[in-house]
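Chains as they are written, first to last, in this note's numbering: chain X, -1 to 353; chain R, -1 to 353.
Cβ coordinates follow ideal geometry from the N, Cα and C atoms, glycine included.
Here it is, written out as structure tokens:
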């Protein structure tokens, strides 16, 4: 089964499990504002999203469990809640009012504030406040996925440990990234460490949570870890490339955001390492400016091209791709062929994606 | 043993357990920014704080466990992390740069930002960003208290459920409060529901987590719930009174904050219910103004006094005090006398406190 077919089969089930969580919250609230709050959260969660993390959790479980029972759906949504929680807080941090072409969660409540007769707060502060709490709620709803489901307490307790570890690593990755924005000199090694934490860890833990419920032996869990972290690294490198050189109509993201923010992408780090001193100095001056205009962005892109940064980054991604591929060939000895195909197909997709 | 003696015995142990959590984080970090981040969190946690929640957790455990072993210290800090996590996020929401007379957590990183050569973000945004993540981290560190300690998995799993429930209720209380600020008409009933969630629930869950580890039977857990929620309600009512009529030198808090924010305190709700229509209209106009000056605040206080709001609120607090006292007399049949005294003394203190 290829990844698209797998997604087509399981995404409705994943979305339904998410919907049930929110419906039960909405129905149990007797306060109107709380009802609206959970309705907006439900809508935010169910609008778009590739569901990569629950799909990987389900595939890891099914790959090692010939029963392929549906028990895994319920806990699989845990890391999706964690992922969305971090997006809600990220959008506040990055001041992004839109996500996936739809209003960001905090922005929804900036708009909601207009409905009040009495406006003691500024709409923006109101949005930020509810956004902060919305992220918090989502982190805890992810935890709930392991508190009641069809597995025993011992397996759930282990899943909670993975969940907690995933949060710690993701949060460390985000912190390192925020710090990096203010740092001058950076190595590719620092960058890879950062994205392994920020993006790799949660993908890895999604796989390990699935494997945990299927009681997979440790040696195969270790292989799943390598596959997952590498997949995350490739995903983030390609994301950085698309973030400056993607087709805006295909990606749905403007190609000046990363550059203006001064984000330490793999493109920028490559260019800073590979350009000659004069060009490097020019790039530095452009990037250090907190208020870049469109011409500055175009000039930064030209310098990226001069350094052949996109191709160098793709070569780095290929290195992690080969590692993941090798790991996968070892995993295949033990995995169900249908899920082996899913893992392989996803790896190819992440490497070649244009969106 | 009175509450002060109990606090004197256990606070150093509680603080030591908190310190160990952070020391282990700090020592395991190889990134300088992450090291600084955990150092600031440790310092924030260890600077002040009454430790009411862990003390109640410990007292509930010791009250029903003649062994009085120190095993409870480790998990008792869970709800203290949750409490501080919510304070970190609250200070961002309320734009309070100081807490307990010291810099708020986000404000520490606003200052930290000055150290960077390269300033791609505004200091304030940097502080807010790290503050949001700092709260998130603290929520998860609270969870860790139940993941490794000297109790069995079954008891820890139940503690996690209480922790999760405490978060949900606290967060609902905070949301209702944010919504209330923008609402015109409010009843005392709405207010009591809100503070029972915002302040009562975490105190209640701290007691239940302690009782859970001591394997207390359900009927006594129910009594602890009533005691805890009532204690929280009294605490919050007195907090509201001190927030406008306390001695700033004793409380360490300015007495114009609540009024300027338009916080729906029990004083305001009482005044709105008890004043005649003309005075009520005057109060309404003053409160609706998003930019109140000092004269407006003085006039609001005068109207509170005219409505005798502080005394009415104290009468309401007495109602909950008597309920808690009755519940305590039933609990005493089963509790160790030393902890019974602690519970009684704390109840009296919370009712009579001036700070």
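DSSP three-state call for residue i: helix, strand or coil?
{"i": "residue 280 of chain R", "result": "helix"}
{"i": "residue 300 of chain X", "result": "helix"}
{"i": "residue 97 of chain X", "result": "strand"}
{"i": "residue 35 of chain R", "result": "helix"}
{"i": "residue 351 of chain X", "result": "coil"}
{"i": "residue 171 of chain X", "result": "helix"}
{"i": "residue 165 of chain R", "result": "helix"}
{"i": "residue 124 of chain R", "result": "helix"}
{"i": "residue 52 of chain R", "result": "helix"}
{"i": "residue 88 of chain X", "result": "helix"}
{"i": "residue 372 of chain X", "result": "Lying outside -1 to 353, the shown extent of chain X, residue 372 of chain X is not represented and no answer is given."}
{"i": "residue 119 of chain X", "result": "coil"}
{"i": "residue 46 of chain R", "result": "coil"}
{"i": "residue 184 of chain R", "result": "coil"}
{"i": "residue 8 of chain X", "result": "helix"}
Using beta carbons (cut-off 7 Å, strictly below), is residue i in contact with chain X?
{"i": "residue 182 of chain R", "result": "yes"}
{"i": "residue 165 of chain R", "result": "yes"}
{"i": "residue 195 of chain R", "result": "no"}
{"i": "residue 174 of chain R", "result": "yes"}
{"i": "residue 286 of chain R", "result": "yes"}
Give me the residue from the options with the minimum Cα distance to residue i.
{"i": "residue 231 of chain X", "options": "X:189, X:121, X:241", "result": "X:189"}
{"i": "residue 285 of chain X", "options": "X:330, X:12, X:34, X:266", "result": "X:266"}
{"i": "residue 128 of chain R", "options": "X:203, X:325, X:177", "result": "X:177"}
{"i": "residue 130 of chain X", "options": "R:103, R:88, R:209, R:140", "result": "R:88"}
{"i": "residue 258 of chain R", "options": "R:234, R:13, R:179, R:335", "result": "R:179"}
{"i": "residue 20 of chain X", "options": "X:11, X:8, X:329, X:40", "result": "X:40"}
{"i": "residue 335 of chain R", "options": "R:261, R:48, R:57", "result": "R:57"}
{"i": "residue 271 of chain X", "options": "X:301, X:293, X:224", "result": "X:301"}
{"i": "residue 71 of chain X", "options": "X:82, X:49, X:262", "result": "X:49"}
{"i": "residue 138 of chain R", "options": "R:91, R:249, R:75", "result": "R:75"}
{"i": "residue 124 of chain R", "options": "R:133, R:116, R:107", "result": "R:107"}
{"i": "residue 207 of chain X", "options": "X:53, X:136, X:46", "result": "X:53"}
{"i": "residue 313 of chain X", "options": "X:172, X:194, X:186", "result": "X:186"}
{"i": "residue 146 of chain X", "options": "R:146, R:156, R:289, R:147", "result": "R:156"}
{"i": "residue 3 of chain R", "options": "R:348, R:349, R:254, R:339", "result": "R:339"}
{"i": "residue 8 of chain X", "options": "X:67, X:38, X:90", "result": "X:67"}
{"i": "residue 252 of chain R", "options": "R:90, R:99, R:81", "result": "R:99"}
{"i": "residue 165 of chain R", "options": "R:133, R:93, R:152", "result": "R:133"}
{"i": "residue 298 of chain R", "options": "R:315, R:279, R:211", "result": "R:279"}
{"i": "residue 194 of chain R", "options": "R:205, R:246, R:235", "result": "R:235"}
{"i": "residue 117 of chain X", "options": "R:328, R:261, R:352", "result": "R:261"}
{"i": "residue 325 of chain R", "options": "R:12, R:15, R:25, R:223", "result": "R:223"}
Counting only Cβ pairs nearer than 7 Å, list the residues of chain X close to residue i.
{"i": "residue 159 of chain R", "result": "145"}
{"i": "residue 104 of chain R", "result": "In chain order: nothing, as chain X lies at least about 11 Å away."}
{"i": "residue 1 of chain R", "result": "Going along chain X, no residue has its Cβ under 7 Å from residue 1 of chain R, so there is no contact; the nearest lies around 31 Å."}
{"i": "residue 91 of chain R", "result": "127, 130"}
Quick one: does residue i have its CB under 7 Å from some CB of chain R?
{"i": "residue 369 of chain X", "result": "Chain X is shown from -1 up to 353; residue 369 of chain X falls before or after that span and cannot be answered."}
{"i": "residue 162 of chain X", "result": "yes"}
{"i": "residue 149 of chain X", "result": "no"}
{"i": "residue 240 of chain X", "result": "no"}
{"i": "residue 353 of chain X", "result": "no"}
{"i": "residue 85 of chain X", "result": "no"}
Taking residue i as the query, report the chain X residues whose CB atoms sit under 9 Å from its CB, ordered along the chain.
{"i": "residue 260 of chain R", "result": "116, 118, 119"}
Residues of chain R with a CB under 8 Å from the CB of residue i: which are they?
{"i": "residue 169 of chain X", "result": "131, 134, 135, 138"}
Are any of the Cβ atoms in chain B nearer than 7 Å to that of residue i?
{"i": "residue 79 of chain R", "result": "The structure shown contains no chain B; its protein chains are X and R."}
Along chain R, in chain order, which residues have C-beta atoms closer than 7 Å to that of residue i?
{"i": "residue 177 of chain X", "result": "31"}
{"i": "residue 243 of chain X", "result": "Within chain R, no residue comes near residue 243 of chain X; the closest Cβ sits about 21 Å away, beyond 7 Å."}
Mind pulling the chain X residues with CB within less than 8 Å of residue i?
{"i": "residue 141 of chain R", "result": "141, 158, 162"}
{"i": "residue 227 of chain R", "result": "Neighbours of residue 227 of chain R on chain X: none; closest Cβ ~17 Å, over 8 Å."}
Determine the chain R residues that contact residue i at a beta-carbon separation under 9 Å, and present them in chain order.
{"i": "residue 155 of chain X", "result": "145, 151, 154, 155, 158"}
Next item on the list: Please list the residues of the region 30 to 59 of chain R that have a C-beta atom closer than 8 Å to any C-beta atom in chain X, keeping them in chain order.
Entry: 31, 32, 35
Notebook entry, point to check: What residues from the region 106 to 125 of chain X come within 7 Å of chain R, judged by C-beta to C-beta, listed N to C?
Noted result: 114, 115, 116, 117, 118, 119
Check: Which residues, taken in chain order from the region 288 to 319 of chain R, show a beta carbon closer than 8 Å to some beta carbon of chain X?
Finding: Only those residues of the region 288 to 319 of chain R whose C-beta falls short of 8 Å from the nearest C-beta of chain X are listed: 288.
Check: Between the region 332 to 349 of chain R and chain X, which residues of the former have CB atoms less than 7 Å from a CB of the latter, in chain order?
Finding: none
Note to self: Please list, in chain order, the residues of the region 13 to 27 of chain R that have any C-beta partner in chain X closer than 7 Å.
What the structure shows: Flagged: no residues at all.
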